[in-house]
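Everything on this sheet refers to the single structure shown next.
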Amino acid sequence: KYAENPPKKYQDVYPLNFGTSDREGLWQEMLRIFLFWIDKGVTTFRVDNPHTKPVAFWEWVIGQVHLQHPGVIFLAEAFTKPKMMRLLAKAGYAQSYTYFTWRNTKEELTEYVSELTSGPMKEYFTGNFFANTPDILPPILQVGGRPAFIMRAVLAATLSSVYGIYSGYELCENAAIPGKEEYLDSEKYEIKVRNWRSPGNIVDIITR
Numbered sequence: 012k013y014a015e016n017p018p019k020k021y022q023d024v025y026p027l028n029f030g031t032s033d034r035e036g037l038w039q040e041m042l043r044i045f046l047f048w049i050d051k052g053v054t055t056f057r058v059d060n061p062h063t064k065p066v067a068f069w070e071w072v073i074g075q076v077h078l079q080h081p082g083v084i085f086l087a088e089a090f091t092k093p094k095m096m097r098l099l100a101k102a103g104y105a106q107s108y109t110y111f112t113w114r115n116t117k118e119e120l121t122e123y124v125s126e127l128t129s130g131p132m133k134e135y136f137t138g139n140f141f142a143n144t145p146d147i148l149p150p151i152l153q154v155g156g157r158p159a160f161i162m163r164a165v166l167a168a169t170l171s172s173v174y175g176i177y178s179g180y181e182l183c184e185n186a187a188i189p190g191k192e193e194y195l196d197s198e199k200y201e202i203k204v205r206n207w208r209s210p211g212n213i214v215d216i217i218t219r
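So the sequence shown is numbered by my numbering: it starts at 12 and just counts up by one.
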């Protein structure tokens, strides 16, 4: 048995059984783990696929953490249905991944940003605009080259109060597995050594 979020499979991750009869024991142990890392200096937790775990658990554990450490940030890596994304935000997630990664045209961006900033979501949902992620190399970056990397970074940084880029973005790395939104030479499976001043980099643009 391994963790899954169809169609993705995480065969190196052992899934916790949130349906256990010892729910209290599991929840308390998860709280202990969060507090352990906070004591080591961690102030932000990016939680992978939080929508596959009970919302009630997140509401409880984030609340318990904030009783002792109100400044700790929980970021939901949840590419899921909008209703679930809203529930996670209300449960305590200060930031969330968004669909910005796949919104490219003026019409798509206008509609999506308006949804996040003009409706009820603006009161509790903070969308983190990631231009790429360790798992996702969007088509626009695969085919658009350096201009697309610059454009998407500027859009992400100006359309949201928080944005993110994955390591290698500064070098416009866009080699993909054919037919997929995945990196060909993924850092998930190998150690990468980068020259941050290699020709064509956009480091100066990003760090302005």
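C-beta atoms are modelled at their ideal positions from N, C-alpha and C, and glycine is treated no differently.
Contact check for residue 174 and residue 140: beta-carbon distance about 4 Å, within the 8 Å limit, so the pair qualifies. Looking at the DSSP output, residue 20 shares a beta bridge with 15. Within 10 angstroms of the beta-carbon of residue 27 lie fewer than 16 other beta-carbons, which makes it exposed. For the pair residue 216 and residue 156, the Cα-to-Cα distance works out to about 15 Å.
Taking 8 Å as the cut-off, the beta carbon of residue 137 is found closer than this to the beta carbon of residue 107. Of all alpha-carbon atoms in 160, 145, 130, the one lying nearest the alpha-carbon of residue 201 is that of 145. With at least 16 other beta carbons inside 10 angstroms of its own, residue 142 counts as buried. Take the alpha-carbon of residue 165 and the one of residue 31: they are about 46 Å apart. Sixteen is the threshold: when 16 or more other Cβ atoms of the shown chains lie within 10 Å of the Cβ of residue 73, as they do, the residue is buried. By the Cβ test, the region 30-45 is in contact with the region 66-86, since at least three Cβ pairs between them sit closer than 8 Å.
In the displayed model, residue 128 falls within a helix according to three-state DSSP. With distances taken between CA atoms, residue 204 lies nearest to 182 out of 98, 103, 182, 149. Remark: C-beta atoms of residue 192 and residue 148 approach each other more closely than 8 Å. Of the candidates 49, 213, 60, 60 places its Cα closest to the Cα of residue 24. Residue 80 holds the alpha-carbon nearest to the alpha-carbon of residue 50 among 190, 118, 102, 80.
Contact between residue 84 and residue 55 holds: CB atoms are separated by about 4 Å, below the 8 Å threshold. CA-CA distance, residue 160 to residue 178, rounds to 13 Å.
A straight-line Cα-Cα distance of about 9 Å links residue 115 and residue 163. By the neighbour-count definition (other C-beta atoms within 10 Å, threshold 16), residue 45 is a buried residue.
Taken atom to atom, the span from the alpha-carbon of residue 37 to that of residue 15 is near 20 Å. Residue 186 counts as exposed, since fewer than 16 other C-beta atoms from the protein chains shown sit within 10 angstroms of its C-beta.
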